[in-house]
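Structure, as structure tokens:
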Amino acid sequence: MNTGSATLRKAERVYKRSDVKRLFEGNGKSFSIFPLRVVYMPAGSENEDSSARILISVPKRCFKRAAKRNRVKRQIRESYRLNKHLLSQSLKDSSKGVMIAFIWLDKELHTSEEVASKVKIALNRIAEKMNNCQ
RNA sequence: GCAGUUGGACGGCUUGUCGCUGCCCCAUUAGGGGGAGAGGAAAGUCCGGGCAACAAAGGGCAUCCCACUUGUUAACGGCAAGCAAUCCGCGAGGGUUGAGCAGUGGAGAAGAAAAUAACCGCCCCUUUUUCGGAAGGUGGUAAGGGUGAGAAGGUGAGGUAAGAGCUCACCAGUCGUGUGGUGACACACGAGCUGUCUGCCUUGGGAGUUGUAAGGUCAUGUAAACCGGCGUUUGAGGGUAGCCCGCCCAAGCCGGAGGGUAGACCGCUGGAGCCACAUCGGUGACGGGUGGCGUAGAUAAAUGACAAGCACCUCUUUCGGGAGGCACAGAACCCGGCUUAUAGGCCGACUGCUUUC
């Protein structure tokens with residue numbers, strides 16, 4: 003798996019129901035960088051894949067119309083795709099995987115530039131904390 | 001030219017960088033290449049079907065839905081063309097309503113009275129009397145009054161004590177006959193003498209339930225739950241859409257394979273398919289014919305992000321330009337409709353006003 007390049011395949015997403023349950027009901031840690039709330043959890047050691055996997059959620063109560071929800075999801079996804087190299091080095095050092103959930107909080111649309119900067123801050127913080135855990 | 005009515009089609013384009021989901025090709029792998037990839041409403045989930053599962057011998061009642069006519073269709077509560085009444089508009093046009101000459105019930109307030117109409121009024125006769133008249137009594141009268149959605153068909157004339165479809169003319173309604181129309185109805189002639197709204201009811205037509213998270217296959221695999229076969233007593237009990245009639249089931253034995261959880265695959269896109277035609281039939285919805293096309297299939301859910309340029313719109317201008325904007329909205333089994341949202345411009349037909357010839 004080429005995790006170094008700026009791609010984002012299905013293997014890099016959290017899509018199994020059990021994984022989602024583990025992330026939210028398990029001991030996932032969280033913090034907020036408005037308008038984002040980030041929940042993350044180091045993946046279990048039984049998972050041979052050391053890459054990061056993500057999940058993006060935009061609740062219906064933020065945007066009633068699906069077109070706006072899609073817009074936000076795509077902004078977050080692109081921001082992560084272009085900036086995930088911030089995380090990969092620390093993951094390689096610790097040889098661990100991580101599951102991350104990005105949850106949108108605002109009821110307004112933001113510019114892509116703004117979303118990208120927030121995602122960068124979030125990724126840097128996760129990388130920092132992962133290193134501290136080691 | 002301006003204002004408007006109505007129908008139809010559209011609802012951005014190009015390039016670059018980095019990506020996503022199927023498909024095809026190359027490659028041992030890693031990967032590389034090619035091509036495809038949201039809408040007119042994809043929305044609301046309001047109707048109608050296809051498809052699937054479950055249930056079901058059949059009949060009656062009840063319940064629910066539909067309701068001018070004819071057509072159209074797989075079907076519809078849709079659509080098309082018409083009919084009648086009524087309302088809006090100068091007009092092109094648009095809105096609303098629409099089974100029933102059977103039976104039976106109801107109608108607040110207002111008003112004398114809401115269907116066996118006499119409160120006021122009008123008139124005849126009569127009694128008393130202060131002999132102008134007034135008061136009382138027996139009757140007649142639906143022309144006038146005000147109330148109301150509706151007042152005993154309307155207007156006018158004759159008639160009368162006063163009046164009345166009492167009679168006549170015209171008009172509206174009802175019924176009968178004839179003519180035209182597939183029909184709703186229209187027209188002509190004749191007869192009789194005629195309230196409005198609404199409930200039950202009646203008539204005709206129709207309706208099983210649940211929705212692709214349906215449902216199926218695979219792997220894992222322990223029960224009393226399921227299926228098939230054999231077999232059986234009693235009609236108690238259960239099932240059969242709410243009730244009735246009617247029908248069906250069962251204890252036991254043998255065999256098969258199952259429930260729940262998470263996962264993969266099928267369902268899953270070739271279909272009432274789309275496009276074209278100075279084609280044929282039809283006023284039209286629509287139907288036929290000929291030719292062509294291969295046209296999204298995701299599964300926590302792809303169809304994108306960013307940048308530049310061009311269109312288009314608004315504002316501004318020192319006429320070079322500058323600033324801002326660019327709708328509603330995102331497939332989830334598939335179709336036919338309806339409803340709602342929608343920046344902007346485009347095309348056709350028609351109406352009114354105005355200008356020029």
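Using the numbering used here, read the first sequence as starting at 3 and increasing by one per residue.
Cβ atoms here follow ideal geometry from the backbone N, Cα and C, with glycine treated the same way.
query                                                                                                  : result
Three-state class that DSSP yields for R63 in the structure shown                                      : coil
Selected residue, minimal CA-CA separation from F26, among R63, K86, I102 and K75                      : I102
For M43: DSSP bridge partner residues                                                                  : M101
Buried versus exposed call for P44 [16 or more other C-beta atoms within 10 Å across all chains shown] : buried
F36, DSSP secondary structure in three states                                                          : coil
Alpha-carbon spacing of H87 relative to I56, whole angstroms                                           : 14 Å
Rounded separation between F65 and I105 - CA only                                                      : 13 Å
Sheet register partners of A54 (DSSP bridge)                                                           : V100
Endpoints, the alpha helix (DSSP H) within which R15 is located                                        : From DSSP, R15 is part of no alpha helix (DSSP H); its letter is neither H nor E.
Closest by C-alpha distance to E80, when choosing among L111, V121, K70 and R127                       : V121
Residue burial classification, I58 (beta-carbon count within 10 angstroms, cutoff 16)                  : buried
Nearest-angstrom Cα separation, counted from V100 out to N49                                           : Note that N49 has pLDDT 42, beneath the 50 cutoff, so the model's placement of it is unreliable and the number below is only indicative. Their Cα atoms are separated by approximately 10 Å.
Exposure label - A68; buried when at least 16 CB within 10 Å                                           : exposed
Selected residue, minimal CA-CA separation from P37, among K31, S90, Q91 and K75                       : K75
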